[in-house]
Amino acid sequence: MTKFSSNAEEIKHFTKELLADGQEYTRSEIIEYVIQQSGRNDFTEGNYSGSLNDLVRRNQIMIVKRGIYRLVEDTPSTTMESQTLGEEPKTLDKQCANTLNDTIVELQKIANGVDVLTISNEEQQTIEKIKKVITNLKVDIKLFEEDAPEEE
């Protein structure tokens with residue numbers, strides 16, 4: 001059994017393990033998986049919140065929508081690394097879709113940085129704008145994914 005240096009490290013480990021399949025999972029599913037894999041039921045809500053927020057801030061997982069998470073698959077650095085290692089470059093459509101996905105992640109980070117207990121009216125309006133922009137970006141991503149040629 002793996003020894004972890006903190007509760008957060010353990011929660012992050014099992015969260016990334018669950019999300020490694022590329023699927024989307026709810027917070028409840030993540031918690032259930034962590035409890036099952038760790039054999040522990042003594043993590044607090046704060047442990048989970050802090051760990052998930054840290055993974056989002058570090059761009060390792062993303063919030064798809066409220067309470068639903070997914071592993072971040074393609075960050076700009078990994079895209080650049082794969083292209084410098086001699087792999088085939090992605091199609092232009094896929095590069096555009098990836099860039100829009102990265103933009104969504106960055107907007108989510110900004111929104112997640114707002115303290116909901118002390119949010120001003122101006123910040124609330126900005127959060128609403130961010131939600132609309134993300135919704136529109138998701139539509140745009142689908143346009144690029146539909147037009148992308150099939151890989152051989």
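Reminder that position 54 of the sequence shown reads as 54 in this note's numbering, one-by-one numbering, no gaps.
Quick reminder that beta carbons are idealized off the backbone N, C-alpha and C, glycines included.
Burial state of residue i (16 or more Cβ within 10 Å)
| i | result |
| --- | --- |
| PRO76 | The predicted position of PRO76 is uncertain, since its pLDDT is 45 and thus under 50; a value taken from the coordinates is nonetheless stated next. It counts as exposed. |
| SER6 | exposed |
| LYS12 | buried |
| ILE119 | exposed |
| LEU143 | exposed |
| LEU92 | exposed |
| LEU117 | exposed |
Beta-carbon proximity list for residue i, same chain, < 6 Å, skipping 5 on both sides
| i | result |
| --- | --- |
| ASN41 | ILE35 |
| PHE4 | GLU10 |
| ILE127 | ALA111 |
| SER28 | none |
Residues of its chain near residue i, where Cβ-Cβ distance is below 8 Å and the 5 sequence neighbours each way are ignored
| i | result |
| --- | --- |
| GLU123 | VAL114 |
| TYR25 | LEU18, LEU19, TYR33, ILE68, TYR69, ARG70 |
| ARG61 | Per the sequence shown, the amino acid found at residue 61 is Ile instead of Arg. Result list for ILE61: THR15, LYS16, LEU19, LEU52, LEU55, TYR69, ARG70, LEU71, VAL72, in chain order. |
Beta-carbon separation (whole angstroms), residue i vs residue j, contact threshold 8 Å
| i | j | result |
| --- | --- | --- |
| VAL133 | LEU100 | Not a contact, Cβ separation roughly 11 Å. |
| ILE155 | TYR48 | It is not possible to answer for residue 155, since the shown part of the chain is limited to 1 through 152. |
| ALA97 | GLU45 | Incorrect: roughly 35 Å between the Cβ atoms, too far for contact. |
| SER51 | ALA111 | That belief does not hold up - the Cβ atoms of SER51 and ALA111 are roughly 19 Å apart, past 8 Å. |
| VAL72 | ASN59 | 6 Å |
| LYS129 | VAL56 | Their Cβ separation, rounded to whole angstroms, is 20 Å, which puts LYS129 and VAL56 out of contact at 8 Å. |
Beta-carbon contacts of residue i that lie in its chain and below 7 Å, excluding the five residues immediately before and after
| i | result |
| --- | --- |
| SER38 | GLU10, PHE14 |
| ASN136 | none |
| THR103 | LEU137 |
| ASP140 | LEU100 |
| VAL105 | ASN59, MET62, VAL72 |
For the region 24-75, list the beta strand (DSSP E) runs that are entirely contained and at least 3 residues long, ordered along the chain.
The region 24-75 contains these whole beta strand (DSSP E) runs: 61-65, 68-71.
Extract the residue ranges of the alpha helix (DSSP H) inside the region 115-148, only unbroken runs of 4 or more that lie entirely within it.
121-147
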